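Working notes, beginning with the structure itself.
Residue numbers (the working numbering): 162 to 446.
If you want it as structure tokens, here you go:
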């Protein structure tokens, strides 16, 4: 078996600062899922995402140059073993061992930024959401309406109501990250950023429903990350635009989120919009 390193190509990649919390020396895993431009490795405490630079950095992984990822995808197969030893990933493919050195990758802080609530700017954010056509672009079918889901989220105040809403959303929809889960991620991310007073109550119920394991591994890992106050690079960039009250960047950073996945971005934005509406109603009352 030949030993092949990719280190010379890796200086332009990025890595999430969440990784050291869940990826440990001598961890062993397997290639879990493969896509056109990315793949996931299932480690004991982390579903590790390897994506290309053209996509947004996930809080659960790294990005590498596009051609490097494309090259890797030619060699690997689902269930190939992977080891993490002294900062390097060793991918044991049927042809050779490929290595990815995480050390040279740029660390990106993907913790959810903390934001002080400003009612006037909050109104501006809500206005910007008019550019999103939820009814036609979201991932749930026509039998549900976006407004119904927004209303459910806003009116969920006690543990029973929250659990009822979560049971409706969790795992609902198709694809790698079902629409309902993306809505949960968007809603929780915004409430976390603003330190919403009922956030602990909401997160407790999310933790309980996660135990049912009734969704995809990928979705579960993103929801778990948000509970730990980490989220995707695009979401962090959008929240920083809000924190800095950068009106000029509001629309473009919103659309950056929408452009993620088939309906995933729009579904995430729906959850975020519901959270902003909830914050506005609490602020006014």
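From the three backbone atoms N, C-alpha and C, an ideal C-beta is built for every residue, glycine too.
A quick note: this is a predicted structure, and the numbers were derived from the prediction, not measured.
Do residue j and residue i have their beta-carbon atoms positioned less than 9 Å apart in this structure?
| i | j | result |
| --- | --- | --- |
| residue 131 | residue 179 | Outside the displayed span of the chain (162 to 446) sits residue 131, for which this structure offers no information. |
| residue 427 | residue 300 | yes |
| residue 209 | residue 189 | no |
| residue 198 | residue 238 | no |
| residue 278 | residue 399 | no |
| residue 269 | residue 337 | no |
| residue 206 | residue 184 | yes |
| residue 307 | residue 366 | no |
| residue 437 | residue 283 | yes |
| residue 345 | residue 432 | yes |
Between the alpha carbons of residue i and residue j, how many angstroms are there, rounded?
| i | j | result |
| --- | --- | --- |
| residue 242 | residue 347 | 33 Å |
| residue 429 | residue 264 | 31 Å |
| residue 364 | residue 327 | 11 Å |
| residue 414 | residue 341 | 22 Å |
| residue 372 | residue 200 | 25 Å |
| residue 435 | residue 234 | 38 Å |
| residue 275 | residue 404 | 8 Å |
| residue 248 | residue 213 | 19 Å |
| residue 417 | residue 362 | 30 Å |
| residue 352 | residue 174 | 30 Å |
| residue 232 | residue 315 | 46 Å |
| residue 260 | residue 311 | 45 Å |
| residue 295 | residue 425 | 12 Å |
| residue 406 | residue 202 | 37 Å |
| residue 323 | residue 253 | 44 Å |
| residue 313 | residue 377 | 23 Å |
| residue 236 | residue 389 | 34 Å |
| residue 240 | residue 222 | 18 Å |
| residue 168 | residue 421 | The predicted model places residue 168 with a pLDDT of 46, which falls under 50 and marks its position as unreliable; any figure quoted below should be read in that light. So the alpha carbons of these two residues sit roughly 28 Å apart. |
| residue 267 | residue 393 | 15 Å |
| residue 358 | residue 250 | 41 Å |
Check the DSSP bridge columns for residue i and list the partner residues they point to.
| i | result |
| --- | --- |
| residue 204 | 207 |
| residue 272 | 391 |
| residue 251 | 244, 260 |
| residue 215 | Its beta-bridge partners do not exist; DSSP assigns none. |
| residue 176 | 223, 268 |
Where do the N-terminal and C-terminal ends of the beta strand (DSSP E) with residue i fall, by residue?
| i | result |
| --- | --- |
| residue 260 | 257 to 262 |
| residue 194 | 188 to 195 |
| residue 224 | 222 to 225 |
Could you check where the alpha helix (DSSP H) with residue i kicks off and where it finishes?
| i | result |
| --- | --- |
| residue 326 | 320 to 330 |
| residue 334 | Counting along the chain, residue 334 falls outside any alpha helix (DSSP H), and DSSP gives it neither H nor E. |
| residue 363 | 360 to 371 |
| residue 181 | It is not in any alpha helix (DSSP H) - residue 181 carries neither H nor E in the DSSP assignment. |
| residue 281 | 280 to 289 |
| residue 306 | Unbroken run through residue 306: none, as it is neither H nor E. |
| residue 408 | 408 to 419 |
| Using 8 Å as the threshold, is the segment 425 to 445 in touch with the segment 280 to 292, meaning 3 or more CB pairs across them? | Here the segment 425 to 445 makes contact with the segment 280 to 292; the two share three or more CB pairs at distances below 8 Å.
| task | Spell out a yes or no on whether the segment 297 to 312 and the segment 382 to 390 are touching, meaning 3 or more CB-CB pairs, one atom from each, closer than 8 Å. | result | No, they do not touch.
| request: Could you say if the segment 366 to 380 and the segment 244 to 258 meet the contact criterion of at least three C-beta pairs nearer than 8 Å? | output: Contact fails between the segment 366 to 380 and the segment 244 to 258, because fewer than three Cβ pairs, one in each stretch, are under 8 Å apart.
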